[in-house]
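Step one of this worksheet: look at the structure below.
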Amino acid sequence: MPTRSDAPAGGFDSKTFLKKLTERPGVYRMLDAAGEVLYVGKARNLKKRVASYFRTSGLAPKTEALVSRIQAIEVTITGSETEALLLEQNLIKSLRPPYNILLRDDKSYPYIFLSGHQDYPSLTFRRGRTKKAQGTWFGPFPSSGAVKESLNVLQKVFRIRNCTESFFRNRTRPCLQYQINRCTAPCVEYISPEDYQRDVRHAAMFLEGKNPAIINDLMQEMEVASQNLQFEKAAACRDQINHLRHVQEQQSVHGEGGDADVVALAQDAGVVCIVVIIVRGGRVLGTKDYFPRYSIEQSEAELLSAFLGQFYFGGSTQRELPREVLVPVEIEGSELLSQALTEAAGRDTRVRHSVRGERRRWLELAATNAKQTLLTHLASKETVYRRLLALRDLLRLAETPSRMECFDISHSHGEHTVASCVVFDENGPLKSDYRLYNIEGETAGDDYGAMRQVLTRRYKRMMAGDGKRPDLVFIDGGKGQLNVAREVFDSLGIDDIPLIGVAKGVTRRAGMEQLIDALTGDVFRVPADSPALHLIQHIRDESHRFAITGHRKGRDKKRRQSTLEGIDGVGAKRRRELIRYFGGIQEIRKAGVDEIAKVKGISKSLAESIYAALHDE
9 MPTRSDAPAG GFDSKTFLKK LTERPGVYRM LDAAGEVLYV GKARNLKKRV
59 ASYFRTSGLA PKTEALVSRI QAIEVTITGS ETEALLLEQN LIKSLRPPYN
109 ILLRDDKSYP YIFLSGHQDY PSLTFRRGRT KKAQGTWFGP FPSSGAVKES
159 LNVLQKVFRI RNCTESFFRN RTRPCLQYQI NRCTAPCVEY ISPEDYQRDV
209 RHAAMFLEGK NPAIINDLMQ EMEVASQNLQ FEKAAACRDQ INHLRHVQEQ
259 QSVHGEGGDA DVVALAQDAG VVCIVVIIVR GGRVLGTKDY FPRYSIEQSE
309 AELLSAFLGQ FYFGGSTQRE LPREVLVPVE IEGSELLSQA LTEAAGRDTR
359 VRHSVRGERR RWLELAATNA KQTLLTHLAS KETVYRRLLA LRDLLRLAET
409 PSRMECFDIS HSHGEHTVAS CVVFDENGPL KSDYRLYNIE GETAGDDYGA
459 MRQVLTRRYK RMMAGDGKRP DLVFIDGGKG QLNVAREVFD SLGIDDIPLI
509 GVAKGVTRRA GMEQLIDALT GDVFRVPADS PALHLIQHIR DESHRFAITG
559 HRKGRDKKRR QSTLEGIDGV GAKRRRELIR YFGGIQEIRK AGVDEIAKVK
609 GISKSLAESI YAALHDE
C-alpha cells in the first residue's frame with residue numbers, strides 16, 4: 009500500500025519522488041537511513057503537502073532538521089481526507105514518531121451518544137467512549153466542530169433533547185430549547201413516547217447513513233430559496249447539507265471491526281507490484297509492497313496464488329495470521345490455502361474475493377495504492393538508469409541515450425486525428441516536452457499520412473535549429489508506419505538517429521512485442537523480463553495514453569461547457585442532481601467516490617468516472 013521512494017547516495021531525491029506523487033488525499037511517513045519513521049502526516053493533496061517540505065526557503069528550524077534526516081518517504085492513499093486523518097492518528101499512536109508532538113489517543117475522538125432512556129432518550133456530544141454508559145454510540149468522528157454543528161442541525165430537524173438526565177427529570181415546564189423550536193419538550197410530555205421514538209429512530213437511521221431524506225428536504229429548501237433570491241438562506245442550507253454529509257461519511261480506514269490482510273496487484277511496463285494492507289480491529293495498521301519477478305504468461309490469479317503461498321509460509325518467521333485474506337480475483341487453490349492458514353492460526357481463516365461494503369472499499373483502496381506505488385517505482389532514477397543501460401546494450405548503441413521520443417496516432421473512426429510525441433530522458437518521462445499535434449488535411453483514418461505529417465513537422469523544425477535533437481526515436485506501429493518514418497528521415501537528410509518500430513506481436517499481449525530496426529529491417533523479439541523491453545513498453549504506453557487523452561479532449565471540447573458536461577454518462581438530469589446534492593462543483597471535487605455514489609441516479613462505476621474526471625486521472 010505505501011508508495012516509497014528511497015534516497016540516492018547523496019540524500020533523498022525529492023524532485024524525482026514528487027514527479028509521480030498523486031494529488032489524492034492520504035498519509036505520508038518520513039523515514040531515516042535506518043528505516044525508522046521520523047514523522048507521520050496527513051494531506052488533502054499529497055503532492056502539494058509533501059512538496060512544501062522541500063521549499064528552498066521559509067521552513068522552520070524543526071522542519072529543516074526533519075528534512076535533513078529524510079532518506080525515504082512512504083505514502084498511503086485514502087478514499088477521503090477524513091480517512092486520512094483517522095489513519096494518521098492510528099499510525100502516530102502505534103509508531104510514536106519523534107517529530108510528531110501530539111500523540112492522540114482513541115479516547116480523544118468525538119462521538120455522538122444516544123442515551124438508553126426507555127421513552128425519551130437524548131442525543132448528545134461525547135468526547136471518548138465509556139462502557140458504563142447505556143445507549144448507542146455513533147462514531148468515532150474526526151472533527152468535534154463538525155459533530156457539534158451537525159448535532160445542532162439534527163436537533164433542528166428531529167428536535168431530539170440534548171439535556172442531562174437530572175435536568176430532564178426535574179423540569180416542570182419546557183425550557184428554552186422548546187421555545188426556539190429545537191426540542192419537543194418530552195420532559196413535560198408535550199409529545200407522546202411513540203412519536204418521539206419515531207423521531208429518534210429516524211435520527212439514528214440518518215447517522216447510520218440509511219436515511220437521506222433529510223438531505224433531500226434541505227436540497228429542495230435550498231432550491232426554493234435560490235429561486236426566491238434568498239441567497240443567504242440558500243447558503244445556510246448548503247452548509248447544513250455539507251455538515252450532515254460530513255457526519256455520515258463512511259470511513260473505510262476506521263470501521264466497526266475485522267482482521268484482514270488485503271491484497272492488490274498492479275502491472276505495467278513488464279513490472280508487477282503487489283500491495284498488502286494489514287487491517288486489525290477494523291483499522292489499517294501497516295502496509296507493505298513487493299515487486300516479484302514473474303513470467304509474462306502468468307495471469308493475475310496465478311501471480312496472487314504464488315505470492316500468497318510464499319508470503320505466509322515461505323519465510324523463516326511465522327507471520328501474524330488474519331481471519332480473512334481479501335483478494336481482488338478468485339485464485340486457484342484458495343480452499344487449500346484457507347485450510348493451511350486455519351491450521352497455522354488455530355482458528356478459522358478464509359481467503360475471499362467476493363466481498364461487499366467496507367471490505368470492498370479496502371480492496372479498492374489497496375488497488376489504488378498498488379497503482380501509485382508502481383508509478384513511483386517506474387519513475388525512480390535507479391529503475392530508469394538500469395533500463396537505459398539495458399536498452400543501450402540491446403540496440404548496440406555507442407552511448408546511453410539521454411533523450412528518446414515516441415510517436416503515436418489516435419482518432420475515432422477518423423474523427424479528430426491527433427498525434428502524440430512523448431519524451432523520456434535519464435530521469436524518465438519528461439512531460440514538459442510532451443507535444444500534441446492536430447492532424448489536418450489528411451484522409452480520415454489515414455494513419456500513414458498522419459504519421460508522415462507529424463514527423464515532418466517535428467523534425468523539419470529541428471533541422472532548422474528549433475527543437476532538441478533526440479538520441480533515439482520509437483514509432484508505435486508496424487512496418488508500414490516505420491517505412492513512412494524512414495522516408496521522412498531520408499527526405500530531411502537525417503541518418504544519425506536510430507529509428508525503432510514497436511509492433512504488437514501476433515497475440516497482441518504485453519511482453520510479446522516485436523521490435524523493428526528501420527535501418528536494417530531486422531525484426532526481433534526481446535525476452536519478456538528484459539529491463540530494456542520494460543522501458544520500451546513504458547515509453548510506448550505513455551505515448552498511447554497521451555495520444556488518446558489529447559484526442560478525447562479535442563473531440564469533446566466543442567460540446568464541453570462545464571466540468572461536468574465533459575464526463576460520459578453525466579447528462580443534464582444527473583448534473584442537476586449532483587449540483588442539488590452537493591451545492592456546487594467545489595463540494596463535488598472534495599467528495600470521495602462513495603459519497604458521489606449516494607446521489608440519485610449515480611452508480612458506483614459512474615461515480616468513479618466522475619471522480620477521475622474531476623481529478624484529471
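Residue numbers in the sequence shown follow my numbering, run continuously in steps of one, and reach 625 at the last position.
Positions of the beta carbon are idealized from the N, C-alpha and C atoms, including for glycine.
With a Cβ-Cβ cutoff of 9 Å, do Leu131 and Ile120 count as a contact? yes
Can you tell which of Lys606, Ser611, Glu595 and Ala615 has its C-alpha closest to the C-alpha of Ala243? If we check each option's Cα against that of Ala243, Glu595 comes out closest.
At 4 residues or longer, and completely inside the segment 165-203: list those alpha helix (DSSP H) runs for me, N to C. 173-177 and 184-187
If I measure Cβ to Cβ from Val48 and keep anything under 7 Å in the same chain, skipping five residues before and after, which residues do I get? Val35, Arg37, Glu96, Leu99, Ile100, Leu103, Pro105 and Asn108
I need the boundaries of the beta strand (DSSP E) containing Pro118, first residue and last residue. Pro118 to Ser123
For the candidate residues Tyr445, His419, Ile524 and Tyr456, whose alpha-carbon lies nearest to that of Phe482? Ile524
Kindly indicate which three-state DSSP category Pro539 falls into: helix, strand or coil? helix
Ser428 and Arg404 - do their beta-carbons sit closer together than 9 Å? no
Quick one: what does DSSP say Asp114 is sitting in, helix, strand or coil? Confidence in Asp114 is poor, its pLDDT being 42 and thus under 50, which makes the residue's placement too unreliable to answer from.
Can you tell me whether Pro330 is helix, strand or coil according to DSSP? coil
Measuring CB atoms only, is the segment 407-422 touching the segment 542-553, in the sense that at least three cross pairs come out at less than 8 Å? yes
Using a threshold of 9 Å, state whether the C-beta atoms of Ala387 and Thr24 are closer than that. yes
Since Ala536 and Gln522 should fall inside the 8 Å C-beta cutoff, what is the C-beta to C-beta distance between them, to a whole number of angstroms? Between Gln522 and Ala536 the Cβ distance is about 13 Å, and since that is not below 8 Å, they are no contact.
Span of the beta strand (DSSP E) around Lys50: Val45 to Ala51
With DSSP as the reference, identify every bridge partner of Ile508, one or two as the case may be. Phe482 and Asp525
Look at the alpha carbon of Ser324 and the alpha carbon of Leu316, and state the distance between them as a whole number of angstroms. For Ser324, the predicted model reports a pLDDT of 48, less than 50, meaning its position is unreliable; a value from the coordinates is still stated below. Distance from the CA of Ser324 to the CA of Leu316, rounded to the nearest whole angstrom, comes to 15 Å.
So who's on the other strand from Thr64, going by DSSP bridges? According to DSSP, Thr64 bridges with nothing at all.
Residue interval of the alpha helix (DSSP H) (run including Val359): Where Val359 is concerned, there is no enclosing alpha helix (DSSP H), although the beta strand (DSSP E) it sits in stretches over Arg358 to Arg360.
Using the Cβ count rule (16 or more neighbours within 10 Å means buried), how would you classify Leu111? Bear in mind that a pLDDT of 37 at Leu111, under 50, signals an unreliable position, so the number given afterwards is only what the model happens to contain. It counts as exposed.
Output needed for Tyr198: all residues of its chain with C-beta closer than 8 Å, excluding positions within five of it in sequence on either side, in chain order. Pro182, Tyr186 and Thr192
What's the gap between the Cα of Thr71 and the Cα of Lys598? Looking at the two C-alpha atoms, the distance is approximately 28 Å.
Outcome for Ile575 when other beta-carbon atoms lying within 10 angstroms are tallied against a minimum of 16: Under this definition Ile575 is a buried residue.
Outcome for Met230 when other beta-carbon atoms lying within 10 angstroms are tallied against a minimum of 16: buried
Can you check which of these residues, Thr557, Glu332 and Arg469, is closest to Asp267 by C-alpha distance? Glu332
Counting only the same chain and skipping the five closest in sequence on each side, list residues whose C-beta sits under 6 Å from that of Gly19. none
Ile502: which of Thr138, Ala51 and Ala526 sits nearest, CA to CA? Ala526
Could you give the first and the last residue of the continuous beta strand (DSSP E) run that contains Asn446? Arg443 to Asn446
Buried or exposed: which applies to Arg209, given that a residue is buried once 16 or more other Cβ atoms fall within 10 Å of its Cβ? exposed
Would Leu622 pass as a contact of Val607 if the rule is Cβ separation under 9 Å? Cβ distance not < 9 Å, so Leu622 and Val607 don't count as in contact.
Excluding sequence positions up to five away, which residues of its chain have a Cβ less than 7 Å from the Cβ of Ala493? For Ala493, where only same-chain residues beyond five positions count, the Cβ hits under 7 Å are Met459, Leu463, Ile483, Leu507 and Ala526.
Straight-line gap, Val143 to Ser123 (C-alpha atoms, nearest Å): Note on residue identity: the sequence assigns Gly, not Val, to residue 143. Gly143 and Ser123: Cα-Cα distance of roughly 4 Å.
Ile610 in three-state terms, based on DSSP: coil
Measuring straight from C-alpha to C-alpha, what distance separates Val280 and Ala59? Cα to Cα, the separation comes out at about 27 Å.
Taking 6 Å as the limit between beta carbons, can you name the residues of its chain near Val359, skipping five residues before and five after? Correct list, in chain order: Val333, Ser342, Leu345 and Ser346.
Are Leu396 and Val534 touching if we call contact CB-CB under 9 Å? Between Leu396 and Val534, the C-beta spacing is not below 9 Å.
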